[in-house]
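What follows is a set of notes on a single structure, which appears directly below.
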Amino acid sequence: MERMDDLEYREITHSLRDQIIADKSWGNAGEHIRLGPDCFSICAFVGEDLVGFISAFRRPLPPPLADLSEAFINIIVVRPSYQRRGIGSSLLQRTVQWARQHRLYQVSAWSTEDRIEAIGLWRKAGFGFRRQEFEVEGRKGYGFWVVLPLSHD
Ligand SMILES: CC(C)(COP(=O)(O)OP(=O)(O)OC[C@H]1O[C@@H](n2cnc3c(N)ncnc32)[C@H](O)[C@@H]1OP(=O)(O)O)[C@@H](O)C(=O)NCCC(=O)NCCS
């Protein structure tokens, strides 16, 4: 079991994103990190080890809802040896908090049906599910659009 006593969350900078992209143990996950004024991208460190990250960006809903915006989660990932200890939920809750602060209407994401862990994460956080079929290069499958509506005072 890895130690968790020095867990901290940091903003992802351009140089940190470059490091994540260069670290092939993350596969191509780093390429989904977006940086900029309409983005929220943070990572979790345990000591000097980067153990997970999330990246979301703001986008308007389509007409006739274009006066509303959502935070779309482009990537969330936690290293296998650090999973199931609340880091994914904490990354997600910080993103939800950012979306609330910016008065966004909802937080949304997409997961294919084989992403059992992610589907459990959305479920635990109270997201709703909408099944969506897709076909990629002749392969048929399905996934879920997941949405968490946000209430504002
Ligand atoms: C999805 C992911 C980010 C979750 O990170 P995590 O740090 O393990 O998440 P948490 O510890 O906060 O778990 C939150 C909940 O998710 C669900 N969950 C997580 N892992 C699960 C698993 N292996 N099986 C079933 N449910 C799981 C559980 O409901 C869990 O709550 P619980 O531990 O109280 O039962 C992580 O599993 C991951 O990186 N997966 C691979 C990448 C991925 O699929 N990303 C999403 C792409 S859409």
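With numbering that gives the first Met the number 0, letter number 54 in the sequence shown gets 53, and the count goes up by one each step, no holes. For each residue, glycine too, the CB sits at the ideal point set by N, CA and C. All of these numbers come straight from a predicted model, not from anything done at the bench.
Residues His151 of the same chain have their beta carbon placed closer than 7 Å to that of Arg102, with the five preceding and five following residues left out of the count. Arg122 has its alpha-carbon roughly 23 Å from the corresponding atom of Tyr8. Every beta strand (DSSP E) of 3 residues or more that sits fully in the stretch 54-92 is shown, in chain order, as 68-77. For Leu120, the uninterrupted alpha helix (DSSP H) run begins and ends at Ile115 to Lys123, by DSSP. Straight through space, the alpha carbons of Leu90 and Gly29 are spaced by roughly 15 Å.
Sequence-distant partners of His31 (beyond 5 residues in either direction) whose C-beta falls short of 7 Å from its own C-beta, in its chain, are Ser54, Asn73 and Ile74. Ranking Glu136, Arg114 and Gly127 by CA distance to the CA of Gly142 puts Arg114 first. Here Glu69 is buried: its Cβ has 16 or more other Cβ atoms, across all protein chains shown, within 10 Å. A contact is defined here as three or more CB-CB pairs under 8 Å, and the stretch 5-24 fails this definition with respect to the stretch 58-65. Residue state for Ser14 is assigned as helix, using DSSP reduced to three classes.
Looking at the DSSP output, Trp144 shares a beta bridge with Trp109 and Arg129.
Checking the DSSP bridge columns, you'll see Arg99 has no partner listed.
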